[in-house]
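Before any comments, here is the structure.
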Amino acid sequence: MPTMPTPKEDNPLWLLRTFYFVPCDLMHQNVNLLKGRALADENPENADSQEVFISFLLYWLGGLFVVIEGWKSLKITEPTIDKMIDEHWDSLRQFRNAVFHFQPDDRKHVQFFDLAKFNWAEELHAALRAFFEAQESR
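Residue numbers (the numbering used here): 1432 to 1569.
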């Protein structure tokens, strides 16, 4: 990803991209690198690859929520992204809370492990990446 201009005090979009989206994107890249091996490997002796994949997945989705939270806080609007955010905002919020606040059960984690919600997160992430890349070219 190319570098955006140096931040200024009045550039919260730069902060959202640099301090929140870029780390989230790094987690997402690792999810994609590890996904095939972790999901295909059913050998219990190779549980390490699954644990590493799950670790990146948890932090990617937790980070994605923080990016969306910043998006809403800054009142950024883009109709396609706004509509996507509204689809599973609360589920992702609960998931993020479960990632960063101990839960005595996995209910909040598991409710987001649904193929439709995973695909939604992938599509939303891609849309956010395209948005930030478009901002860089301005």
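Note that beta-carbon positions come from the ideal geometry of N, C-alpha and C, so glycine has one too.
Shown here, Phe1562 sits in a helix according to DSSP, grouped into three states. In the DSSP assignment, Leu1470 falls within the unbroken alpha helix (DSSP H) covering 1453–1471.
When secondary structure is reduced to three states using DSSP, Leu1505 falls in the coil class, being assigned neither helix nor strand. Ranking Glu1567, Phe1563, Arg1569 by CA distance to the CA of Ile1499 puts Phe1563 first.
In this structure Phe1484 is not in contact with Ala1471, their Cβ atoms being roughly 11 Å apart against a cut-off of 8 Å. Comparing alpha-carbon positions, the option among Asn1550, Arg1448, Ser1522, Arg1560 lying closest to Phe1543 turns out to be Ser1522.
For the pair of segments examined, the stretch 1458–1465 was found not to touch the stretch 1523–1531: the number of CB pairs separated by less than 8 Å stays below three. DSSP places His1540 within a helical segment (H, G or I) once states are collapsed to three. If you compare the alpha carbons of Leu1488, Asp1479, Phe1549, Met1515 with that of His1459, the shortest gap goes to Leu1488. Just measuring C-alpha positions, the residue of Pro1535, Asn1442, Asp1517 sitting nearest Leu1555 is Asp1517. Cβ-Cβ distances below 6 Å link Asn1442 to nothing in the same chain once the five nearest sequence neighbours on each side are left out. Each of Asp1545, Gln1534, Thr1449, Asp1456 was checked against the Cα of Trp1491, and the nearest Cα belongs to Asp1456. In the DSSP assignment, Arg1524 falls within the unbroken alpha helix (DSSP H) covering 1510–1531.
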